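Going by the numbering used here, the first residue of the sequence shown is number 3, and it counts up by one from there. Ideal placement from N, C-alpha and C gives every residue a C-beta, glycine not left out. Given the structure is predicted, the values throughout are model-derived calculations rather than measurements. What follows is a short report on a single structure.
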Amino acid sequence: MKLVMIINQELPLGLIANTTAVLGLSLGERVPDLIGPDIQDEEGIIHAGITKVNIPVLGTSREQLKDLYENLAREKFDEITMIDFNTVAQRSKCYEDYTIALAATSKDELDFLGVCLYGPEEKINKLTGNLRLLR
Numbered sequence: 003m004k005l006v007m008i009i010n011q012e013l014p015l016g017l018i019a020n021t022t023a024v025l026g027l028s029l030g031e032r033v034p035d036l037i038g039p040d041i042q043d044e045e046g047i048i049h050a051g052i053t054k055v056n057i058p059v060l061g062t063s064r065e066q067l068k069d070l071y072e073n074l075a076r077e078k079f080d081e082i083t084m085i086d087f088n089t090v091a092q093r094s095k096c097y098e099d100y101t102i103a104l105a106a107t108s109k110d111e112l113d114f115l116g117v118c119l120y121g122p123e124e125k126i127n128k129l130t131g132n133l134r135l136l137r
């Protein structure tokens, strides 16, 4: 299985950091086996478990991100978990506000900050092979 985050490369650094944090927390809730066990160091200090998989963060344009999302949503790739973070969520003050606002938003009005994909490596590579690491 492979995990990638695809982020709107035009965002300011703070929003990029926030977007990847939101996507990572959301995926961690859905796929709990991604996190390893706590580890004790030589001095006996416990370090909380972190991700067991690499997380490439890829960059793309706002338009390409929307196209990718719509393609995945339309094709219904059953083996791929897709989580999006959009401007409706980013502007909402709480989850209840987000649910109300998103329910009143058409897909054409959505603007994406980032998308997280988790699934079979060959399928993820096929979908994202043309994207570069975000730098």
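Among the options, the one whose alpha carbon lies nearest that of residue i
{"i": "Thr53", "options": "Thr130, Arg76, Ala23 and Asp86", "result": "Ala23"}
{"i": "Leu25", "options": "Val117, Thr101 and Pro58", "result": "Val117"}
{"i": "Gly30", "options": "Leu60, Leu133, Ala75 and Leu5", "result": "Leu5"}
{"i": "Asn73", "options": "Leu60, Leu135 and Lys128", "result": "Lys128"}
{"i": "Met3", "options": "Asp35, Tyr71, Leu133 and Leu136", "result": "Asp35"}
Beta-carbon contacts of residue i that lie in its chain and below 8 Å, excluding the five residues immediately before and after
{"i": "Gly51", "result": "Ile37, Gly38, Pro39, Asp40 and Ile41"}
{"i": "Val33", "result": "Thr83 and Tyr120"}
{"i": "Leu136", "result": "Ile9, Gln11, Ile18, Val59, Leu60 and Gly61"}
Other residues of its chain near residue i: CB distance less than 6 Å, five sequence neighbours each side excluded
{"i": "Asn10", "result": "Arg64, Leu67 and Leu115"}
{"i": "Glu81", "result": "Gly121 and Pro122"}
{"i": "Met28", "result": "For the record, residue 28 in the displayed sequence is Ser; it is not Met. So the qualifying residues of the chain are Ile85."}
Element boundaries [beta strand (DSSP E), containing residue i]
{"i": "Ile8", "result": "Lys4 to Asn10"}
{"i": "Val59", "result": "Val59 to Thr62"}
Three-state secondary structure (DSSP) of residue i
{"i": "Asp110", "result": "helix"}
{"i": "Leu17", "result": "helix"}
{"i": "Arg134", "result": "strand"}
{"i": "Val117", "result": "strand"}
{"i": "Asp40", "result": "coil"}
{"i": "Asp80", "result": "coil"}
Endpoints, the alpha helix (DSSP H) within which residue i is located
{"i": "Ile126", "result": "Glu123 to Thr130"}
{"i": "Thr2", "result": "In the structure as shown, the chain starts at 3 and stops at 137, and residue 2 therefore has no counterpart that could be examined."}
{"i": "Glu98", "result": "Tyr97 to Ala105"}
Other residues of its chain near residue i: CB distance less than 7 Å, five sequence neighbours each side excluded
{"i": "Ile48", "result": "Asp40 and Gln42"}
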